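Undergrad:
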Amino acid sequence: MRGDYKLRRAAAGPSVPLDMALRRPPRLRLCARLPDFVLLLLFRGCLIGAVNLKSSNRTPVVQEFESVELSCIITDSQTSDPRIEWKKIQDDQTTYVFFDNKIQGDLAGRAEILGKTSLKVWNVTRRDSALYRCEVVARNDRKEIDEIVIELTVQVKPVTPVCRVPKAVPVGKMATLYCQESEGHPRPHYSWYRNDVPLPTDSRANPRFRNSSFHLNSETGTLVFTAVHKDDSGQYYCIASNDAGSARCEEQEMEVYDLNIGGIIGGVLVVLAVLALITLGICCAYRRGYFINNKQDGESYKNPGKPDGVNYIRTDEEGDFRHKSSFVI
1 MRGDYKLRRA AAGPSVPLDM ALRRPPRLRL CARLPDFVLL LLFRGCLIGA
51 VNLKSSNRTP VVQEFESVEL SCIITDSQTS DPRIEWKKIQ DDQTTYVFFD
101 NKIQGDLAGR AEILGKTSLK VWNVTRRDSA LYRCEVVARN DRKEIDEIVI
151 ELTVQVKPVT PVCRVPKAVP VGKMATLYCQ ESEGHPRPHY SWYRNDVPLP
201 TDSRANPRFR NSSFHLNSET GTLVFTAVHK DDSGQYYCIA SNDAGSARCE
251 EQEMEVYDLN IGGIIGGVLV VLAVLALITL GICCAYRRGY FINNKQDGES
301 YKNPGKPDGV NYIRTDEEGD FRHKSSFVI
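Under the UniProt record's numbering, the first residue of the sequence shown is numbered 1, with each subsequent residue one higher.
Structure representation (structure tokens):
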């Protein structure tokens, strides 16, 4: 047994301390990781000399008539003087903004290049809302071209909306109130107020309005009452609002009144009675001959008989009757 053990020890080589034996596996793992590390170095080496762009804000938002900077920054490049272009993409059309080292198109006179590549625009308008693409061409880099797209949003405050409120509506009838605004961007949302109290989108959602039956469409600005109630009378106004601001129309009064059924029936009966009396009077006058006009004062005039063989002819020039004799054989 001991001889076999010695032979195994001799075959295994000199003895190794325990702590060194425990440290060997990490070294083996490090060697196993060496190819990944080398690949990473090679990958980074390939990126050296490749033009790369970044932006501090790819979705800038600005209000109309303010200024904005469209950020485009070159992070890596070996080319000292790269070619820079800016393009505007709007309604599926692409136009130049910066080309051949000068501002082009509708931004001419109100834009400039900051640093090397960023674009600053003054006095922006709602028509400037679009996609803007920054393109850089670096001829001396392994990757020569890179681009970045920036979405510019120009907000426009709503103007005073146009409101239409019916002046008087009978109880139980339907009524529609309108509120419209066409300048705000993005499109505004609408809210209605009655006597300075905001109305919910649905009267059933608030116990305070349990006596009403209306629905508010905040997208279109219409407030529809399916059947108005006396409590719906009051002063109404509308507010149009978006991220840029809000605007309201003037108050308008809507009166809800009761229908006087008895008075309506009485009025109809009076009209029918008047029509009956008029018809009876006309009939009586006709029977008494007030509408016959064939009698004259004095003797009645009778056309003289026409003798045989004589034809009477009236000429247009003389305006009287002349006769022409003819003989009947």
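Glycine included, every Cβ here is placed at the ideal spot set by N, Cα and C. Note that the structure is a prediction, hence the values are computed from the model and not measured.
Would residue 198 be called buried (16 or more neighbouring beta carbons within 10 Å of its own) or exposed?
TA: Result: exposed.
Undergrad: By how many angstroms is the C-alpha of residue 219 removed from the C-alpha of residue 242?
TA: Whole-angstrom Cα-Cα distance: 11 Å.
Undergrad: Given a cut-off of 9 Å, decide if residue 134 and residue 85 are closer than it, judged by their beta-carbon atoms.
TA: For residue 85 and residue 134, yes; Cβs fall inside 9 Å.
Undergrad: Here's the rule I'm using: 16 or more other beta-carbon atoms within 10 Å means buried, otherwise exposed. How should residue 181 be labelled?
TA: Residue 181 should be labelled buried.
Undergrad: So residue 119 and residue 179 are supposed to be a Cβ contact under 8 Å. How far apart are they, rounded?
TA: Contact doesn't hold; Cβ gap of about 38 Å is too wide.
Undergrad: Quickly, what does DSSP pair residue 192 with across the bridge? List them, please.
TA: Beta-bridge pairing links residue 192 to 238.
Undergrad: Residue 54 lies in the beta strand (DSSP E); which residues open and close that run?
TA: Counting along the chain, the beta strand (DSSP E) containing residue 54 begins and ends at 52-54.
Undergrad: What is the rounded straight-line gap between the Cα of residue 250 and the Cα of residue 191?
TA: For residue 250 and residue 191, the distance between alpha carbons rounds to 14 Å.
Undergrad: Anyone know if the C-beta pair for residue 267 and residue 240 falls short of 9 Å?
TA: Contact flag unset, no.
Undergrad: Any heavy atom of the ligand MN closer than 8 Å to the Cβ of residue 51?
TA: For the structure depicted, the ligand MN is absent and the ligand set is empty, with no information on it obtainable.
Undergrad: I'd like the span of the beta strand (DSSP E) that includes residue 153, first residue to last.
TA: Element bounds for residue 153: 145-155.
Undergrad: Enumerate in chain order the residues of its own chain whose CB-to-CB distance from residue 103 is below 6 Å, with the five nearest sequence positions on each side excluded.
TA: Here the set comprises 111.
Undergrad: Considering Cα atoms alone, identify which of 237, 63, 259, 255 is closest to residue 155.
TA: Minimum Cα distance to residue 155 is reached at 63.
Undergrad: Taking 8 Å as the threshold, find out whether the stretch 50-70 comes into contact with the stretch 114-128 through three or more Cβ pairs.
TA: Yes: at least three Cβ pairs fall under 8 Å.
Undergrad: In three-state terms, what does DSSP make of residue 284?
TA: Correct three-state label for residue 284: helix.
Undergrad: Could you tell me how far apart the beta carbons of residue 58 and residue 150 are, in whole angstroms, since I believe they sit closer than 8 Å?
TA: So it is a contact: roughly 5 Å between Cβ atoms.
Undergrad: To the nearest angstrom, how far is it from the Cα of residue 227 to the Cα of residue 208?
TA: When rounded, the distance between both Cα atoms is 17 Å.
Undergrad: Which residues mark the beginning and the end of the beta strand (DSSP E) in which residue 68 is found?
TA: Here the beta strand (DSSP E) through residue 68 covers 68-70.
Undergrad: Residue 132 and residue 74: beta carbons closer than 9 Å?
TA: In this structure, residue 74 does not lie closer than 9 Å to residue 132 by Cβ.
Undergrad: Ordered along the chain, which non-local residues of its own chain (more than five positions away) have a Cβ less than 6 Å from that of residue 204?
TA: Correct list: empty, nothing qualifies.
Undergrad: Run the CB neighbour count on residue 254, radius 10 Å, all protein chains shown included, and call it buried at 16 or more, exposed below.
TA: Counting Cβ neighbours within 10 Å, residue 254 comes out buried, since at least 16 surround it.
Undergrad: Is the beta carbon of residue 141 sitting closer than 9 Å to the one on residue 94?
TA: Cβ distance not < 9 Å, so residue 141 and residue 94 don't count as in contact.
Undergrad: Kindly give me the distance between the Cβ atoms of residue 245 and residue 143, rounded to whole angstroms, as I take these residues to be in contact under 8 Å.
TA: In fact, because the Cβ distance is near 45 Å, the residues do not count as touching under 8 Å.
Undergrad: Report yes if the C-beta distance between residue 166 and residue 176 is below 9 Å; otherwise report no.
TA: Closer than 9 Å, so yes.
Undergrad: So residue 170 and residue 236 are supposed to be a Cβ contact under 8 Å. How far apart are they, rounded?
TA: Rounded, the Cβ-Cβ distance is 17 Å, inconsistent with contact.
Undergrad: Within 10 angstroms of its Cβ, does residue 107 collect 16 or more other Cβ (buried), or is it exposed?
TA: Buried: at least 16 other Cβ atoms inside 10 Å.
Undergrad: Check whether the Cβ atoms of residue 82 and residue 116 sit closer than 9 Å, and answer yes or no.
TA: In this structure, residue 116 lies closer than 9 Å to residue 82 by Cβ.
Undergrad: So residue 68 packs on residue 152, CB below 8 Å; how close in whole Å?
TA: So it is a contact: roughly 7 Å between Cβ atoms.
Undergrad: Just mark residue 232 as buried or exposed, buried being the case when its beta carbon has 16 or more other beta carbons within 10 Å.
TA: Counting Cβ neighbours within 10 Å, residue 232 comes out buried, since at least 16 surround it.
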